[in-house]
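Trainee: In the working numbering, the protein residues as written are 4 to 242. Glycine included, each C-beta is placed from N, C-alpha and C at the ideal position. Since we're looking at a predicted model, the values are computed, not measured.
1) By DSSP's criteria, residue 188 is part of a beta bridge. Which residues make up the other side?
2) So, under 8 Å CB-CB, residue 188 and residue 213 are touching, yes? Tell me the CB distance rounded to an integer number of Å.
3) I'd like the span of the beta strand (DSSP E) that includes residue 198, first residue to last.
4) First and last residue of the beta strand (DSSP E) that includes residue 173?
5) Starting from the C-beta of residue 125, find all residues in its chain whose C-beta is less than 6 Å away, skip the five residues before and the five after it, and write them out in chain order.
6) With the cut-off set at 8 Å, would you say residue 232 and residue 159 are in Cβ contact?
7) Buried or exposed for residue 100, please, with buried defined as at least 16 other CB atoms from any protein chain shown within 10 angstroms of its CB.
8) If we count the other Cβ atoms within 10 Å of its Cβ and call it buried at 16 or more, is residue 19 buried or exposed?
9) Using a 10 Å radius around the Cβ and a threshold of 16 neighbouring Cβ atoms, would you call residue 222 buried or exposed?
10) For residue 192, count the other beta carbons within 10 Å of its own beta carbon; 16 or more makes it buried, fewer makes it exposed. Which is it?
11) Buried or exposed, going by whether 16 or more other CB atoms sit within 10 Å of the CB of residue 57?
12) In angstroms, rounded to a whole number, what distance separates the CA positions of residue 200 and residue 94?
13) Tell me the DSSP secondary structure of residue 207 in three-state form.
14) What are the partner residues of residue 135, as DSSP defines its beta bridges?
15) Under 8 Å, with one C-beta from each stretch per pair, do the stretch 100 to 109 and the stretch 133 to 147 reach the 3-pair mark?
16) Out of 172, 217, 177 and 218, which one is the CA nearest neighbour of residue 185?
17) Sort out for me which residues DSSP pairs residue 48 with in a bridge.
18) For residue 70, I'd like the list of residues in its chain whose CB is within less than 6 Å of its CB, leaving aside the five on either flank, ordered along the chain.
19) Let me confirm a value: residue 61 is counted as buried when at least 16 other C-beta atoms fall within 10 Å, else exposed. Which label applies?
20) Which of the three DSSP states, helix, strand or coil, is assigned to residue 109?
21) Using 10 angstroms around the beta-carbon of residue 92, count the other beta-carbons present and answer buried if the total reaches 16, otherwise exposed.
22) Report buried or exposed for residue 28, applying the criterion of at least 16 other Cβ atoms within 10 angstroms of its Cβ.
23) Using the beta-carbon count (16 or more within 10 Å), is residue 51 buried or exposed?
24) Hey, residue 230 and residue 155 are a contact pair by Cβ (cut 8 Å); roughly how many whole angstroms apart?
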């Protein structure tokens, strides 16, 4: 049985036992059992906002959350039920938000940073959700415009591959063209140039020592790509 399912079943059993005994207690699912912040329970949720480009907390930042039902229509009235909420992070980038603010489509703006709360929030420690935000495009000169952020993730652990050398290349028409050699930051992010050669965006591959060379699907990756570890073959004795 998968751990997430086991944790959920344990929570249901604990809650049922509380009902039978007359207790008001119901165990809440652990963060490790949750796949999305939309599964968060309770009146409030604690977030830590990080600047993905530096790995540092968004300290004392003015925050605005804008959430709606994700409905997009052409002709008004549009039943989006938009909710807007303003707050300020503490010196370590933490803040608590009402759980009711977490809508199917929720954007987070923190000073010059922005992100998608649903896509960019991951379970952290101590019942905290970590949200990695990227600088707004307006903070970069145009041209060349904002770089293309890409987080490299270890497929086994789900954690960013931080402080590692990553080689990016373009493979097409039987040719391999070197694109960029970059060192990921502590969160596992590398930043590719925005002005790629024609057709380059669809044909980028990345390699990191110890991992399999992997195609980068920018269209569906939400600026993330998982790398599987390279299997080590046993040495064959020549004696």
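Mentor: Short version:
1) Numbered from 1 along the chain shown, position 185 holds the residue referred to as residue 188. DSSP lists no partner for residue 188.
2) Locating residue 188 in the chain shown gives position 185, where the first residue counts as 1. Locating residue 213 in the chain shown gives position 210, where the first residue counts as 1. That belief does not hold up - the Cβ atoms of residue 188 and residue 213 are roughly 18 Å apart, past 8 Å.
3) Here residue 198 refers to the residue found at position 195 when the chain shown is read from its first residue. Where residue 198 is concerned, there is no enclosing beta strand (DSSP E), because DSSP gives it neither an H nor an E.
4) By 1-based counting over the chain shown, the position of residue 173 is 170. Looking at the DSSP string, the run of the beta strand (DSSP E) that includes residue 173 is 168 to 175.
5) Translated into the one-based positions of the chain shown, residue 125 becomes position 122. Only 133 meet the Cβ criterion.
6) Here residue 232 refers to the residue found at position 229 when the chain shown is read from its first residue. Here residue 159 refers to the residue found at position 156 when the chain shown is read from its first residue. In contact: residue 232 and residue 159 (Cβ atoms closer than 8 Å).
7) Counting from one through the chain shown, the residue named residue 100 turns up at place 97. Under this definition residue 100 is a buried residue.
8) By 1-based counting over the chain shown, the position of residue 19 is 16. For residue 19, the pLDDT reaches just 39, beneath the cut-off of 50, and the residue's location in the model is therefore unreliable, although a value from the coordinates is still provided. Counting Cβ neighbours within 10 Å, residue 19 comes out exposed, since fewer than 16 surround it.
9) As a first step, residue 222 must be located in the chain shown, where it is residue number 219. Around the Cβ of residue 222, a 10 Å sphere holds fewer than 16 other Cβ atoms; the residue is exposed.
10) In the chain shown, residue 192 corresponds to position 189, counting from 1. Result: buried.
11) Residue numbering aside, residue 57 sits at position 54 when the chain shown is read from its first letter. So residue 57 counts as exposed.
12) The residue labelled residue 200 in the question sits at position 197 within the chain shown. The residue labelled residue 94 in the question sits at position 91 within the chain shown. Going from the Cα of residue 200 to the Cα of residue 94 covers about 41 Å.
13) Counting from one through the chain shown, the residue named residue 207 turns up at place 204. It is a strand residue.
14) In the chain shown, residue 135 corresponds to position 132, counting from 1. DSSP, once it has assigned bridges, lists 53 as partnering residue 135.
15) No: the two stretches stay apart, fewer than three of their Cβ pairs being nearer than 8 Å.
16) Along the chain shown, read from residue 1 onward, the residue named residue 185 stands at position 182. Residue 172 is the option with its Cα nearest to residue 185.
17) In the chain shown, residue 48 corresponds to position 45, counting from 1. Paired residue(s): 100.
18) Stepping through the chain shown from its first residue, residue 70 is reached at position 67. Correct list, in chain order: 86, 104, 106 and 109.
19) Residue 61 sits at position 58 when you count from the first residue of the chain shown. Residue 61 sits buried, since 16 or more C-beta atoms from the chains shown fall within 10 Å of its C-beta.
20) One-based indexing of the chain shown puts residue 109 at position 106. The answer is strand: DSSP assigns residue 109 an E or B state.
21) Locating residue 92 in the chain shown gives position 89, counting from the first residue. With 16 or more Cβ atoms within 10 Å of its Cβ, residue 92 is classed as buried.
22) In the chain shown, the residue the question calls residue 28 occupies position 25. Any answer about residue 28 is weak, because its pLDDT of 44 lies below 50 and its placement is not dependable; what the coordinates show is given next. Under this definition residue 28 is an exposed residue.
23) One-based indexing of the chain shown puts residue 51 at position 48. The residue is buried, with at least 16 neighbouring Cβ atoms inside 10 Å.
24) For the purposes of this step, residue 230 is taken as the residue at position 227 of the chain shown. For the purposes of this step, residue 155 is taken as the residue at position 152 of the chain shown. Sure, about 6 Å apart at Cβ, within 8 Å.
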